[in-house]
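Take the sequence shown: its letters are residues 405 to 760, numbered as in this note's numbering.
Note that CB positions come from ideal geometry on N, CA and C, so glycine has one too.
All remarks here apply to the structure that follows.
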Amino acid sequence: MADHMQSPPTKAPDSSTTRPPRKKPSLLVITVILGTIGLVTQMLWVNWPKQKAQPEPLSAELREVIDRLPGISDALIYIGLKDIRQTPFWSTMVPDSIKQVNWLQFDTTLTRVMNESGFQPSRDIDTLLVEFQSKNSRRHKYMSVIWGTFPAGLDENHLIEQSGKKEIIAGQTCIGLSDELWICRPSERMALVASSADIMERFLQPHSSFLERDSTTTALIDKAIYKSHLWFTLSSPNWTIGALQSLTSGNKDINTLGNLNRIRQLALSLRFDDGISGQTEWVYKDRQTAYFASTFLWSAIKLSSTAGTRTSEPVKALLKRLHVMQNLNSVVIKTELPLDIFTPGNQDTAEKPVAQ
């Protein structure tokens with residue numbers, strides 16, 4: 405007790421100079437800040453126009469022909485077969501069995517006439533342009549322009565002998581081989597094939613400009629980057645969704661993504677050379693829908709192309725070369741496929757990054 409009384413007194417701490425311990429920011433505040441940053445970043449990305457490749461122009465001759473097309477197009481397809489046949493891809497990668505296939509079989513009468521005349525589309529067609537319009541859920545109206553080499557069985561006199569039905573339209577003889585197949589031969593190296601005499605007449609005697617009338621297809625043509633080999637536009641949602649389901653039918657992960665099926669229009673173009681250069685643009689209602697579609701598609705491609713999945717190695721090699729980008733209200737997909745990617749055992753080239 406005495407010792408305790410003799411110990412020096414302890415000085416009380418000065419409360420005026422002591423700082424309270426600093427509080428750590430709460431998890432909620434951090435979450436709100438990061439969420440806000442993420443939301444702003446997403447909004448900037450969705451609304452930021454990305455740099456696009458400049459599309460090749462239409463040739464003056466092709467532009468003039470397209471401008472004569474009747475009505476409003478649901479689908480417009482162009483194939484420059486003469487240019488494709490001159491590429492290394494055609495000579496080295498396309499088998500003879502495919503080259504000999506008659507792929508113009510949308511009309512049974514036309515197929516019969518071509519078989520009887522010995523006309524072989526992949527060999528004899530130089531350029532093909534086809535416009536499709538919906539007639540009903542099962543039938544479609546069409547107008548096609550074909551440049552190429554035609555055998556004697558497709559000359560005007562021979563066609564008249566088979567039909568007996570003809571009309572003179574704009575000074576041209578048009579032969580009706582059936583109610584839904586009309587053929588006109590304006591020149592030695594050109595043939596017009598249409599589903600009716602009315603469509604043929606509207607092409608031969610146009611009353612307005614197709615490129616001004618069908619603004620949707622005109623905009624889609626500009627989205628087709630490569631114009632010399634193969635390109636097509638799909639302006640109708642029904643046609644577009646059907647094409648998208650066909651493109652993704654081999655991959656259930658991609659085919660089941662609901663946002664992808666909200667697509668409105670589609671443009672696709674391919675260039676064949678020492679491989680395939682391709683780009684497709686999918687147009688959606690708004691930017692937000694396009695953003696989510698591109699995100700889902702990118703994720704599905706990454707998932708399907710990783711090791712351990714059921715996706716075959718050739719498909720993985722192709723998927724690894726797909727570059728997906730959202731640009732305003734569109735999803736843009738582009739690729740560069742070398743020739744050796746189509747050769748078994750050379751899929752390791754897919755590891756190389758795609759040029760952006």
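Using only alpha-carbon positions, find the residue among the options that is nearest to residue i.
i	options	result
Thr-693	Leu-462, Phe-614, Thr-553 and Leu-732	Leu-732
Gln-669	Thr-531, Asp-626, Ile-483 and Ile-529	Asp-626
Pro-459	Lys-631, Leu-585 and Lys-689	Lys-631
Ser-613	Val-469, Gly-552, Val-735 and Gln-576	Val-469
Thr-684	Arg-543, Arg-691, Ser-734 and Leu-707	Ser-734
Asn-506	Met-547, Phe-523 and His-727	Phe-523
Leu-585	Ser-709, Lys-738, Leu-596 and Phe-746	Leu-596
Met-594	Trp-702, Glu-465, Pro-461 and Leu-726	Glu-465
Asn-518	Gly-484, Gly-557 and Thr-531	The sequence given here has Met at residue 518, not Asn. Answer by Cα proximity: Gly-557.
His-611	Ser-591, Ala-574 and Glu-565	Ala-574
His-633	Lys-456, Leu-485 and Pro-474	Leu-485
Gly-543	Arg-516, Asp-511, Leu-723 and Leu-581	One detail in the question is off: residue 543 reads as Arg in this sequence, not Gly. For Arg-543, the nearest C-alpha among the options comes from Asp-511.
Leu-532	Ile-483, Val-498, Trp-643 and Pro-492	Ile-483
Leu-766	Phe-607, Glu-717, Thr-491 and Ile-476	Residue coverage of the chain in this structure runs from 405 to 760, which leaves residue 766 outside it and unanswerable.
Phe-676	Leu-462, Pro-474, Leu-473 and Met-497	Met-497
Asp-602	Leu-743, Lys-545 and Lys-706	Lys-545
Trp-686	Gly-679, Arg-617, Ala-671 and Phe-700	Ala-671
Thr-747	Thr-622, Asp-471 and Leu-722	Leu-722
Val-719	Ser-521, Leu-624, Lys-503 and Ile-745	Ile-745
Leu-608	Asp-690, Ile-572, Ile-476 and Glu-520	Ile-572
Ser-521	His-562, Ser-501 and Ile-488	His-562
Arg-472	Phe-700, Asp-690, Glu-616 and Leu-743	Glu-616
Arg-691	Val-736, Trp-494 and Gln-504	Val-736
Looking at the unbroken alpha helix (DSSP H) that takes in residue i, where does it start and where does it end?
i	result
His-562	560-567
Glu-717	717-723
What is the DSSP secondary structure of residue i, reduced to helix, strand or coil?
i	result
Phe-746	helix
Asp-528	helix
Arg-695	Sequence inspection shows Tyr at residue 695; the Arg mentioned does not correspond to that position. In this structure, Tyr-695 counts as helix in the three-state DSSP scheme.
Arg-714	coil
Lys-756	With a pLDDT of only 45 at Lys-756, under 50, the local geometry of the prediction cannot be trusted, and the value read off the model is given with reservation. Three-state DSSP puts Lys-756 in coil, outside helix and strand.
Gln-730	strand
Ile-667	coil
Leu-672	strand
Glu-465	helix
Ala-406	Here the model assigns Ala-406 a pLDDT of 48, short of 50, so the residue's position is not dependable and the matter cannot be decided.
Thr-553	coil
Ser-709	coil
Gln-455	coil
Phe-536	strand
Along the beta strand (DSSP E) that carries residue i, what are the first and last residues, could you check?
i	result
Arg-589	585-591
Leu-634	634-638
Gly-580	576-582
Glu-460	Counting along the chain, Glu-460 falls outside any beta strand (DSSP E), and DSSP gives it neither H nor E.
Leu-570	Rather than Leu, the amino acid found at residue 570 in this sequence is Lys. From DSSP, the beta strand (DSSP E) with Lys-570 extends over 570-573.
My guess is that residue i and residue j are in contact by the Cβ rule of under 8 Å, so how many angstroms apart are they, rounded?
i	j	result
Leu-514	Pro-525	Actually they are not in contact, since the Cβ atoms of Leu-514 and Pro-525 sit about 11 Å apart, beyond 8 Å.
Phe-536	Asp-478	5 Å
Thr-713	Leu-726	No, Thr-713 and Leu-726 are not in contact; Cβ-Cβ is about 15 Å, not under 8 Å.
Glu-664	Leu-638	The question names Glu, but residue 664 is Leu in the sequence shown. Actually they do not touch by this definition, with Cβ atoms about 14 Å apart.
Trp-551	Asp-583	Contact doesn't hold; Cβ gap of about 26 Å is too wide.
Thr-577	Lys-570	6 Å
Ser-548	Ser-640	Contact flag wrong, Cβ pair sits at about 18 Å.
Gln-730	Ser-698	4 Å
Leu-741	Phe-636	Between Phe-636 and Leu-741 the Cβ distance is about 19 Å, and since that is not below 8 Å, they are no contact.
Tyr-695	Ile-667	Contact flag wrong, Cβ pair sits at about 14 Å.
Gly-580	Ser-567	6 Å
Arg-589	Glu-560	5 Å
Leu-743	Gly-646	The Cβ separation is near 30 Å, so there is no contact.
(message) Runs of 4 residues minimum, wholly inside the region 593-629: which ones carry the alpha helix (DSSP H) assignment?
(response) The DSSP assignment places 601-608, 614-617 and 619-627 as complete runs of the alpha helix (DSSP H) inside the region 593-629, in order along the chain (cut-off: 4 residues).
(message) Suppose only complete runs of 4+ residues qualify. What are the alpha helix (DSSP H) ranges in the region 469-521, listed by chain order?
(response) Counting only runs of 4 or more, we get 485-489, 492-497, 500-503 and 512-521.
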